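Protein chains in written order, with my numbering: chain A, 1 to 342; chain B, 1 to 342; chain C, 1 to 300; chain D, 1 to 504.
The C-beta atom is built at its ideal place from N, Cα and C for all residues, glycine as well.
Remember, it's a predicted structure, so these values are computed and weren't measured experimentally.
A short write-up of the structure that comes next.
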Ligand SMILES: Nc1ncnc2c1ncn2[C@@H]1O[C@H](COP(=O)(O)OP(=O)(O)OP(=O)(O)O)[C@@H](O)[C@H]1O
Ligand SMILES: Nc1ncnc2c1ncn2[C@@H]1O[C@H](COP(=O)(O)OP(=O)(O)OP(=O)(O)O)[C@@H](O)[C@H]1O
Ligand SMILES: [Mg+2]
Ligand SMILES: [Mg+2]
């Protein structure tokens, strides 16, 4: 063996060792990823068709809607807040978008004679309305000092009420083909997954590479530190909630595209799912700790779980029980990373 | 005027002034009481039948169920926690209690041949089961360190699942007359109101006059300092959640008595109402701050609001919107007590 | 549908002489079907110069009781109630009887086989019948062999339980028919869609039919099937909503079951009106379900 | 130009909080290139005056001139932009973020795309850390640092604003001599560059060592401004307290009894190894060492809130202590080092803060709590320790730092312990109160209590202790009998590990 090859082998060994160690580090740090992988392995052994490309895309698509909401929730919870209104905001922005995206034949009772509008109209409407509602949330809690729980709980009820009034309680359907295309695929990849991916990247950059992102961490980690460092806390809180509301609007578009109709009662309880995904992903309600990848993994844990339980043919009642247990266990395993050897 | 009388007058003036000042102090400190009084005055002017004894008892009865849950939630939130499972725990303890409190004729599918049992059996069952589930919540979060949000979110799903399994999805009815009497009146006073009153007193004493109560504040105020000060944090957390679960069991008994039947889907979303009542009453999610009277007033604000909106004949959709707005406004007014004159 | 909504309710109820007030307690106005029932009630009230006050219990049985009691306190002349939980209507019945106010239950029957007590009425149908109709229609179209998935509503809802029971009652008579899965889509279209996607992975070509407890979930299933390029799976719903009728016409939905919800609300209010005027309408009024397929869809 | 213009003039500042007038009529004038001490007892209003200046609490009334211009209605951000920066008395770390993000919070360097330039931030942070001679990776999360290092970061941050006027509110309360020297050399450099510094500290030697002028506040009132060189210690104390304080370390010899506490071979893999010592009744054992020597950890382990192997004997009997509860049951008490983290309950009132550890003794036979007794006790200690507060229902958060410390001292005295562990008991406490606490410690020893006192102030250790235990990197390097002729240098030799082991 020449010296060179020996060196190469050594390097390789070292690389292997390092890679291994890095992998262990990652697993320890990212315990929840480990849980996700375990779940995937377990389900695939029992049901090999879990790993078909089609099903994988299904799982991703299914996680897209509350996953997008979880992205916004990550900012909110990292800033030590909570947003209970996202489910209702999805419904309200969704019905408004749907009413602007109906096919001309279903000439809507909303805007008679307006005809079919380009897709950008409903999209912008949902996104802007979502951001506006979020900004109201943020403004309320930062200027009056009421707890985020109350501000967004109020908004949850209010937005739902407006969705009901806007629609009279009936779903809005007959969306334009362009709209429902958003629920389809581009090549093999489902468009909801593409949209989700774009939102992940945007949110990641926002949280990690902008001053705004640093402010989010500082506000949640130590609001006094933020204040004495001259961070405009009020303005940033408004932006945080506006972004969260905006993502609820994006989720509404994906929802409408996928389902082809939006019901004023849609997405009831999704706020809890989004918060759960965020929390499973390690974002702390004590503020200052939160990651985008955590929210993505958390959302995946939930959708893999639901998909898996269905594939396994678990009885509907038991699905609830097992889902509850696995969420708890997943977070317990994830917690071990913080376990301090006393 | 003799010197003496002059002095007396002065003293009186002083007393008056003091009383006035005290009243202002109280209103400032207890802003939410002020809001409640305003609401009551407003509604009574528009609808004089609001203040009939019957309707007043209605309002009190209506606040009893989630009011009782809010009492337990006050301890939980004061300790910097949250309990999302109380609605589901109500349902589970409720169906179990109902199955033990059916009239002999409806010889239950649960315990065939057992016949009619004394009322104490279902009551104890609900209370103990509630406490047990709560203790599990508390144990989970204190021993594994997972966030209360996750532990109780998991329990929320799990308890609901068990309620469904226990009943097969159908409600349990035909309760014994003794049981449904709990929904009736003792003299003129509704029994739910009496039970609520007893729970208020017990919780008040517990929180204000026992070592346990002091520990609750300490844990919520600074968990590390509590540990160093010799508080057994784990044991106390278990007790806190057990008490909250137990009160959900008490609420289940009131529920069953009032409705005459318990549905496995009962009380869905009550956790949010209970948390809202607690938060409206000034209990802080940042921990360490919480009062029993606050929870009672918070629950009253909600039930007066709902009762008033119905009496006023406000359209159902608008009721939601107005309810959301008033909750927010009430807490904003309450906040003003903390407002710093800049 | 919303147009008439705001107006009727907000007027001062029972204030002026002559105008009768009907208190209407809906189980859940978030439920499309229930908005049709409420529309029926409102239409009748408007046509007959009645004031109607609509309350929404949002699936909370205690809240419904509170609302009814408050409306009694406020002095309505008659009550129309869509029960949240049919087994829990005792206190409401008692309260109405005590106050001497006629009470009409609509859409969901709290009395089962029994006769309602004096001054209490029922207008509607038996949920289980809808389930049976779906089952029968399915056997007719699919034959006596095949694998079926059932999309259930909220698991604790009576409609979900009874309709599923009706499905099973019929299908169990055919040994060749197999129920692959029963899961809840919580009445929602998006959840019906996700479940169907998962079923397609789990059962693939084995899946021959989907019976949904309502049209919203059925339409979600249709969407998932179309996306997967499957046109061989029969899907059936309940309610005959406009979207569903459209889908039946287009052939993507094999059948739905019409429940004349508008008619139920309308009739319920009429009976309440009659009773409040001192007439004695019949205590039980059945409004039957009708199966809707491509053959008869144009009639509705 | 005849007279040099002032950098800062604060005139007639009044600040009211609900129920408290923190500043009655405060004044402060600072010239360019001047290091100006702001002195006063705990609660005199020093921090409040500085918070008024930096825009956290706008004053109720009064005028502030900066650079000759009247400034009003400004935010903290404005103040920073104008050239005023501040090291706060309470540390403000964003714990889960790296050092560099803490330093540059609110003014992150950006690249052309407007995104945060992490590389540049890293480089800039390295420079800043070099300035204070701190060898930490700027990417280390703040929570991994010791209090002392966090404090150094705060100092670095305040300097990095390149401000004209830097406020330093008790920057040295968590530092030892080495870092203090470092800080002083930085301050001198700043002074050379014409920057002005407002310096707050309760350590008089520091005031004399570094400052040019002194302004004294008492009860929110301006008392005097004098050149430091013209002052004596006695006069300065008199200005602050309004009376004379004679005894600084009132150590009186008292009878020393049997061995009360013995610790044998205490180790916990990471922080300390084989620690053994004995303390007797009536004895005060001082514990000295550099920051990071592991003193806190040893005491925490003895008190049961940190796990470790080894044996603990009380009165000759082996005890097992696994929680603070156990420790308290064994009549121990621990005044912790980090007031904010594991000392106070910020939003609870003084009554609650003071009585929590003693709650057991307030439980009556009927299991209810005896509020009357609690209140009596609280009032008694507010008086004994002269805690400056409007009442027992004041939130402890609203007390000045020194007064918070007094409440904590009271908390432990209430439990009537036999063994007291005091970790930096006079950190942030003014001279008057310090003397009171010292008197108290001495009288406790006189009552036969056993006292273990950690302090980073060598004069305090030497003034108070019967024996001194010195630690270095987790090991006990010496236990020295306190003598008249013991020098700081000698202790430092043990503390730096120069002397390996010598037990007395
Ligand atoms: N937010 C607040 N609310 C009410 N009172 C306050 C508040 N902040 C400070 N005080 C009060 O103002 C007075 C001055 O406090 P300050 O913190 O300025 O004292 P200090 O001179 O800095 O004392 P120390 O040397 O102990 O730090 C104290 O009596 C304190 O209790
Ligand atoms: N949270 C922590 N994470 C990692 N290491 C820590 C942590 N806290 C302390 N250490 C390490 O433990 C050792 C001792 O810490 P500490 O500074 O508290 O000692 P000390 O002798 O009590 O000093 P002092 O009380 O003077 O600050 C140091 O090496 C320190 O770096
Ligand atoms: Mg200070
Ligand atoms: Mg230490």
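Report yes if the C-beta distance between residue i and residue j is below 9 Å; otherwise report no.
i, j, result
"residue 146 of chain C", "residue 213 of chain C", "no"
"residue 222 of chain C", "residue 130 of chain C", "no"
"residue 122 of chain B", "residue 261 of chain B", "no"
"residue 287 of chain B", "residue 324 of chain A", "no"
"residue 84 of chain C", "residue 57 of chain C", "yes"
"residue 75 of chain D", "residue 13 of chain D", "no"
"residue 464 of chain D", "residue 438 of chain D", "yes"
"residue 299 of chain D", "residue 287 of chain D", "yes"
"residue 143 of chain D", "residue 95 of chain D", "yes"
"residue 196 of chain D", "residue 227 of chain D", "no"
"residue 123 of chain C", "residue 22 of chain C", "no"
Among the options, which one has its Cα closest to the Cα of residue i?
i, options, result
"residue 126 of chain B", "B/278, B/231 and B/97", "B/97"
"residue 296 of chain C", "C/229, C/270 and C/254", "C/254"
"residue 256 of chain B", "C/39, C/61 and C/50", "C/61"
"residue 85 of chain B", "A/301, A/272 and A/287", "A/272"
"residue 141 of chain A", "A/289, A/187, A/76 and A/111", "A/76"
"residue 154 of chain D", "D/164, D/165 and D/169", "D/169"
"residue 227 of chain C", "A/61, A/20, A/44 and A/45", "A/61"
"residue 120 of chain B", "B/102, B/168 and B/204", "B/102"
"residue 59 of chain B", "B/202, B/316 and B/305", "B/305"
"residue 197 of chain B", "B/263, B/70, B/330 and B/46", "B/70"
"residue 234 of chain C", "C/209, C/244 and C/53", "C/209"
"residue 230 of chain C", "C/217, C/243 and C/201", "C/201"
"residue 442 of chain D", "D/256, D/37, D/489 and D/34", "D/256"
Who are the neighbours of residue i on chain D, taking C-beta pairs under 9 Å?
i, result
"residue 218 of chain A", "94, 97, 101, 102, 105 and 106"
Quick one: list the residues of chain A neighbouring residue i, beta-carbon separation under 7 Å, in chain order.
i, result
"residue 279 of chain D", "Correct list: empty, because the minimum Cβ distance to chain A is about 25 Å."
So residue i contacts chain A; which residues on that side make the cut at Cβ distance below 8 Å?
i, result
"residue 220 of chain C", "259"
Just to make sure I have the definition right: I need the residues of chain A whose C-beta is within less than 9 Å of the C-beta of residue i. Which are they?
i, result
"residue 304 of chain B", "Correct list: empty, because the minimum Cβ distance to chain A is about 16 Å."
So which residues of chain D does residue i contact, with C-beta pairs closer than 8 Å?
i, result
"residue 228 of chain A", "54, 56, 76, 86, 88 and 92"
Cβ closer than 7 Å: which chain B residues qualify as neighbours of residue i?
i, result
"residue 62 of chain C", "65, 255, 258 and 259"
"residue 161 of chain C", "169 and 170"
"residue 272 of chain C", "Correct list: empty, because the minimum Cβ distance to chain B is about 17 Å."
Which residues in chain C sit within 7 Å of residue i, going by Cβ to Cβ distance?
i, result
"residue 245 of chain A", "Near residue 245 of chain A there are no residues of chain C at all, since even the closest Cβ is about 20 Å away, more than 7 Å."
Going along the stretch 133-155 of chain C in order, which residues come within less than 8 Å of chain A, judged by CB to CB distance?
152 and 155
Of all the residues that make up the stretch 273-296 of chain A, which are near chain B by a beta-carbon distance shorter than 9 Å?
275, 276, 279, 280, 284, 285 and 286
Contact set, ligand 3 heavy atom to C-beta under 7 Å
D/46, D/47, D/89, D/169, D/170, D/200, D/400 and D/401
Anything in the stretch 137-149 of chain B with a Cβ closer than 9 Å to a Cβ of chain A? List those residues in chain order, please.
140, 144, 145, 146, 147, 148 and 149
In the stretch 176-198 of chain C, which residues sit with their C-beta less than 7 Å from some C-beta in chain A, listed in chain order?
181, 182, 183, 184, 188, 189, 190, 193, 194, 195, 197 and 198
Residues within the stretch 236-259 of chain C neighbouring chain A, beta-carbon criterion of under 9 Å
241, 242, 243 and 246
What are the residues of the stretch 115-146 of chain D that lie near chain A, defined by any Cβ-Cβ distance shorter than 7 Å?
115 and 116
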